[in-house]
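A quick write-up on the structure given underneath.
Dropping the structure here:
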C-alpha cells in the first residue's frame with residue numbers, strides 16, 4: 001500500500017480524519033522499519049567493535065602489568081650490576097695494593113737476605 005500513489009494522508013483525509021491518522025501511522029511505521037533495517041546491522045557492528053575493544057583493553061592492561069614487572073626486575077638487576085661493578089673495582093684496587101705490598105716485601109726480604 002505504501003507504493004500506491006493514492007495512499008497519502010491528504011487522500012485519506014477526504015474519507016475521514018481517522019483514515020488520515022491511520023495513513024500517517026502506517027507511513028511512519030514503514031519509515032521506522034526502513035531505518036531500523038539500516039541501523040540494526042550498524043548496532044550489531046558497534047556492539048562487536050565495543051566487545052573487541054574491551055578485550056583489547058583488558059589485554060593491554062595485562063601486558064602493561066607484565067611490562068611493569070619486567071621493568072622493575074630490570075631496574076633491580078641494573079642496581080645489582082652497579083653494585084657488583086663497584087665491588088669489582090674495589091677488589092681490583094685491593095689486588096693492586098696487595099701486589100705492590102708483595103713486591104715491596106720481596107725487595108725488603110731480598111735486601112735483608114743479602115746482609
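Residue numbers (full-length UniProt numbering): 1 to 115.
We put the CB at the ideal spot given by N, CA and C, even for glycine.
Model, not experiment: these values are computed from the prediction.
Residue i versus the options, residue with shortest Cα-Cα distance
| i | options | result |
| --- | --- | --- |
| residue 7 | 100, 103, 23 | 23 |
Residue environment, residue i, which counts as buried when at least 16 other CB atoms sit within 10 Å
| i | result |
| --- | --- |
| residue 48 | exposed |
| residue 12 | buried |
C-beta neighbour in chain D for residue i, strict 7 Å
| i | result |
| --- | --- |
| residue 60 | This model lacks chain D altogether, as it is built from one protein chain only. |
4-residue-minimum alpha helix (DSSP H) runs that sit fully inside the UniProt domain "Dynein heavy chain coiled coil stalk" (1-115), ordered along the chain: With a minimum length of 4 residues, the unbroken runs of alpha helix (DSSP H) contained wholly in the UniProt domain "Dynein heavy chain coiled coil stalk" (1-115) fall at 9-15, 17-113.
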